[in-house]
Amino acid sequence: MNTAPSQRAGAAGSADAVAPPVRAADWYRRKRTREAMLVACFLLPSLMIFFLYRILPLGWNVILSFEYWSPLKAARFAGLDNYAEMFLEDDVFWQALTNTLIFILASPIAILLALAVALAVNSDLKGAAIYRTIIFLSYPLMSVAVGIVWRWLYDERGGFINFVLRGTGLIKEPIPFLQSFGWALPSVILADIWQVVGFYMIILLTGLQSIPQHLYEAARIDGAPASARFLRITLPMLRPSLFICAVIGILNSFTAFDLVYVMTGGGPAHATELLVTHIYNMGFGETRFDYAAALTVVQFTLLVILTFLANRAVGGNAGSVESA
Amino acid sequence: MRRRSHILRHLVMALVCALMLIPFYWVAKTAVTNENIYAYPPRILPLKPHLYNFVDVWYLIPFARYFANSVIVSLIAVAGNIVFNAAAGYALTKNFAGKRIVVLLFLSCMLIPFQATIIPAYLVSARLGVLNSYLGLALPLLSTIVCIFVFKAAFEAIPASLQQAARIDGLGELRILFRIMLPLAKPAIATNIILSFIWSWNAFLWPLIITRDVTMQTLPLGLARFLAYVEDTTGALYAFVCMVLLPGIIVFLMAQKEFIRGLTSGATKG
Amino acid sequence: MQKRRDVLKLAAGTAAASFLPKKLYAQTGTKKLSILTWNIIDMEPLFKQWFATFQSQNPGVEIEWLDKKGPELPAFYQTQLAAGTPPDIVDIQGGLGLEWAGQGALLDLTPMLDKEPAVRARFNPEYLANWVFEGKNYLIPFYVSKSLLFYNKPLFKAAGIDYAPKSLDDILSYAKAVSGADRTGFLTLNFDWLYWPLFRMQGVDLLTPDLKKPTFNTPAGIETADKLAKATADGSINKISWTGRWVEPNGAFAAGNVGMMHAHSSAYFFVKTQGSWITPETIGIAEVPGYWSTPNSHGYAISKGARNPELAWAFLKFATEKSQAMDFARGRTLTTANAEVDKDFLAELDKNDPTAAAVLRTQIEHTDKLTGNWRLSDDSAVKNIVWAEMQNIFLGRRDAKTALADAEKKVERELRRA
């Protein structure tokens, strides 16, 4: 940066287009570093929080998964023992893994439902605000309450669903939803969909809001039918929001913890056991934090893979739409 | 033809809403009576409704205290979320070296369930000296990845030409963020407010772990009182749940007017 | 004082919040006792009274009281343990006490009890022995209950049955006779090992006395499991027995649709408030044939990391002595395992509420026939294994023979691992 004083003095304070090449390169470099520093500054607060409360705990879990440990007992190296037990001996793990995958694969249903609702309330339908509010209402409700009410709704004898089904003559014998190995998981998934559809809806609504209207106008002028407008404009522009929804769907396999715990506790016989409930039981029920850590690492790996696949599916970069 | 499709849409929406409301109806009905929810056949209309359960809730737990604590914690969480998430979301719209890694890093941060982080999170908070305090309660919730990506998506939809124009005018990045980007991303702000409020308001396990003083507890922790001794699903529990639900709905109602169509589309004409 | 603390907390924020309290204690030299209880927050007024009395007897003591619900108490306690600040006294329910003793978290109370035989003599010896792990006492009981049978007298009268079952077969045939279109004959609560008396009365035990080998995979065990499965399939046993936890079974019995309910004493007080049909004449109280029962009790333990173990022990003695135990029994209508208190309280209750007294009397009789309380340090693991297979059997997913064989294999593996 050895610029002669005369050059510096001459260029100070003016935005002259004609500048010696050396100055432009310097300016660019300084701009780049300034930009990089700015980006870093903007990312820093969030990164700090995540470092403290997500990354560090993940590291703790990773290290712990290779040890035998409990509070008050010194750690002993365990090598791959915890993982061996998990993959070779733990039936509950495999059941929980299957259930978790089913849970995640059911999320497109909720997303599609939410998309339909979001489109409906985004239009000039009168009373859209009321519909929006009613559908969102379930999300802020405490999961414990959701679990308790749905447990009652599904009850074999006193429950409302069986009451209606038998009353309308659709079935003769009541269905033991939460006591049946076949029905339990779908029942829990349905209750979960009821709770989160509002969440998906507002994400999609936010996304719909940012689609420039002039695109639709141009398409209408060109004579494109509604389906083409939807497929060619709406869906592609919604890619980022759909990606967020996909990730929420993946997250849901463990944020639904409270709901599953209250509704079935993972039962009957682990039919509704998710990886997260198994982790919790191992950690705080059987006081095996080391094993629970290994389960956490395996679940984390699984979810990272799924998120990566979802990212690929929306074209990378979290589905971002480059606007002109 | 327009009319018919309108009526059809109304009908479908009404049906969907009715289905969504059924569980609520039962929560509300049990909150105003003390009926055994397992009575068969289920009674559709409440018998002798009364409001005593709500009064019970007020007196059985230090409601005002818990409510105030929850308000403070949620205010901190919402404020932190908007500032931090907007900043991070904005940074993620720029191209910089290692962006993909940072995006993947953020995404993977989400994939760890809270239940697996309880002990280390507590130890971290203990080290920071924020146990049993409002900051300690709010700290893990001060930024959430989903909301960062909501901002990122909203900012990317804003034409780059606007940002260029601002830069040429000599505005710093911070000013660009606050003066240009945020006002055009009102739905994203609304979503952030709603979600971070709900998550901090309903947080149960973290406040349970990090508070020892009863005076620092937040509203959801009062739940224990209604599930104490016997898992009592009669009125008081449901009344409590309704009272906890109310602020979330109010926040939603206030914030949702940002979802009105057309607010952001007028950014650039052509 | 409280207000100043709040203002400081808000203003100074983080550092003050964690430093100030400790400084205060260091300056004034107060001793602090922290007590964690399991879901008995409704006893707040009584506990506040006790603390005041204890503090007047032991000046300079500060008592911190925490109460958590069952599902969260282990998470809270283990976190505090990992951070090195466990509450001095913990109220633990059931087998978890043994697990934490095995983990090394609890103080061995045997020396204290040996030094003060008068204290030891307070308690019903079987209830006290509930928490003896590897020969050492870790908890002392203060709130005990065990399972019994409640039955709906009008339903049995209508079915023409004179209620006096002598075996599981009797119970199942009664259940069949009483069940019908929207009624079931029998249901049981099922957390912990509450269902085990159904097996024990058929002579089936879980493990050998040395707790080293499983003994439930026998012809008798298979036959019992099979019978229960068949009874569930034909509707005599309510399916909620095998998956519900507390509310559904009690709610169903309270609704008047169930012939018999196998539960412990606290269920009576809950269903009484929910079921309008329940009066002293209509509710039947009986013991399971053979008088077998599973205990479900609360005990106090002292954490090994307690800073003032002598003070903690002093409080334990205080809380379980006659006056306090009597207050507790009166306040909650329960049995305390303090033999003298229970006798006196029941005599009192006989005059005011004979039905409740009859219910509670079953809780302190036949305590030599307790089952479902094996002293294992991995009780939860064994319980989860056996329970999962039992559910498979009772809900008709697997047959008893293969399911019990599987369970046996897994239990053996678990016992070896522990």
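Protein chains in written order, with this note's numbering: chain A, 4 to 327; chain B, 1072 to 1341; chain C, 1070 to 1487. C-beta: ideal position from N, C-alpha, C; glycine also.
(request) Please list the partners that C/Lys1308 has in chain A, where partner means a Cβ-to-Cβ separation under 7 Å. (result) Glu159, Pro179 and Gln182
(request) Inspect the CB distances between the stretch 1258-1273 of chain C and the stretch 1342-1360 of chain C and report whether three or more fall short of 8 Å. (result) yes
(request) Measuring alpha carbon to alpha carbon, tell me which of C/Thr1253, C/Pro1288, C/Glu1390 and C/Asp1177 ends up nearest C/Gln1271. (result) C/Pro1288
(request) Return the bridge partner residues of C/Met1330 from the DSSP annotation. (result) C/Phe1219 and C/Leu1256
(message) Any beta carbon from chain C within less than 7 Å of A/Val149's own beta carbon?
(response) no
(message) DSSP three-state label for C/Leu1165, please.
(response) helix
(message) On the DSSP letters alone, give me the boundaries of the alpha helix (DSSP H) that C/Gly1046 sits inside.
(response) Since the first residue of chain C shown is 1070 and the last is 1487, residue 1046 of chain C is not available in this structure.
(message) Less than 7 Å between the beta carbons of C/Ala1427 and C/Leu1415, yes or no?
(response) no
(request) Could you spell out where the alpha helix (DSSP H) holding C/Thr1148 opens and where it closes? (result) Leu1142 to Ala1152
(request) Determine the direct distance from the alpha carbon of A/Ile251 to that of C/Leu1403, and round the result to whole angstroms. (result) 47 Å
(message) So that I know if they touch, is there some Cβ in chain C lying closer than 7 Å to that of A/Ser73?
(response) yes
(request) Would you mind telling me which residues of chain A sit closer than 7 Å to C/Gly1173, beta carbon to beta carbon, in chain order? (result) Leu75 and Lys76
(message) Residues of chain A with CB closer than 9 Å to the CB of B/Lys1109, please, in chain order.
(response) The amino acid occupying residue 1109 of chain B in the given sequence is Tyr; Lys does not appear at that position. Result: Trp155, Asp158, Arg160, Gly161 and Gly162.
(request) Report yes or no: do three or more beta-carbon pairs, one from the stretch 175-183 of chain A and one from the stretch 1102-1122 of chain B, lie closer than 8 Å? (result) no
(message) Quick check on A/Ala77: does DSSP put it in helix, strand or coil?
(response) strand
(request) Would you mind working out which of A/Ser68, A/Leu116, A/Gly62 and A/Ile58 sits nearest B/Cys1180, comparing C-alpha positions? (result) A/Ile58
(request) Report the option in B/Ser1076, B/Gly1151 and B/Ala1231 whose CA atom is closest to the CA atom of B/Ile1247. (result) B/Ala1231
(request) Could you name the residues of the stretch 57-70 of chain A whose beta carbon sits closer than 7 Å to any beta carbon of chain B, in the order they occur along the chain? (result) Arg57, Ile58, Leu59, Pro60, Leu61, Trp63 and Asn64
(request) Report all residues from its chain with a CB closer than 8 Å to the CB of A/Val120; omit the five preceding and five following residues, and keep chain order. (result) Tyr134, Ile138, Val200 and Met204
(request) Select from C/Phe1322, C/Gly1153, C/Lys1205 and C/Gly1344 the residue whose C-alpha is nearest the C-alpha of C/Leu1256. (result) C/Phe1322
(request) With DSSP as the reference, label C/Phe1211 as helix, strand or coil. (result) strand
(request) Run down chain A in chain order and give the residues with a C-beta less than 8 Å from the C-beta of B/Phe1155. (result) Pro48, Ser49 and Ile52
(request) Starting from the beta carbon of B/Ala1162, find every residue of chain A whose beta carbon is closer than 7 Å, and list them in chain order. (result) Val42, Phe45 and Leu46
(request) Would you give the residue range spanned by the beta strand (DSSP E) that C/Asp1136 belongs to? (result) Val1130 to Lys1137
(request) At 9 Å on the CB atoms, spell out the chain A contacts of C/Ser1449, in chain order. (result) Asn284, Gly288, Glu289 and Thr290
(request) Could you tell me whether the Cβ of C/Arg1466 comes closer than 7 Å to any Cβ of chain A? (result) yes
(message) Is it buried or exposed, C/Gly1368, if we count other Cβ atoms within 10 angstroms and call 16 or more buried?
(response) buried
(message) I need the boundaries of the beta strand (DSSP E) containing C/Ala1525, first residue and last residue.
(response) Because chain C here runs from 1070 to 1487, residue 1525 of chain C falls outside it and cannot be looked at.
(message) In this structure, how does DSSP classify B/Ile1132 when only helix, strand and coil are distinguished?
(response) coil
(message) Helix, strand or coil, according to DSSP, for C/Asn1206 in the structure here?
(response) strand
(message) My assumption, with CB atoms under 8 Å, is that C/Leu1445 sits in contact with C/Leu1280. Please give the rounded CB distance.
(response) 6 Å
(request) Compute the distance between the beta-carbons of B/Pro1161 and B/Leu1290, then report whether it is under 7 Å. (result) Reading off the sequence shown, one finds Tyr at residue 1161 of chain B, where the question assumed Pro. Going by C-beta atoms, B/Tyr1161 is not nearer than 7 Å to B/Leu1290.
(request) Grab me the residues of C/Arg1466's own chain with a C-beta within less than 6 Å of its C-beta, minus the 5 sequence neighbours each way, in chain order. (result) none
(message) I'd like the ranges of any alpha helix (DSSP H) spanning at least 4 consecutive residues and lying wholly in the stretch 1284-1323 of chain C.
(response) 1288-1302 and 1316-1323
(message) Output needed in chain order: residues of the stretch 248-274 of chain A with a Cβ under 8 Å from some Cβ in chain C.
(response) Tyr264, Thr267, Gly268, Gly270, Pro271, Ala272 and His273
(request) With a threshold of 16 other CB atoms inside 10 Å of the CB of C/Thr1277, please say whether the residue is buried or exposed. (result) exposed
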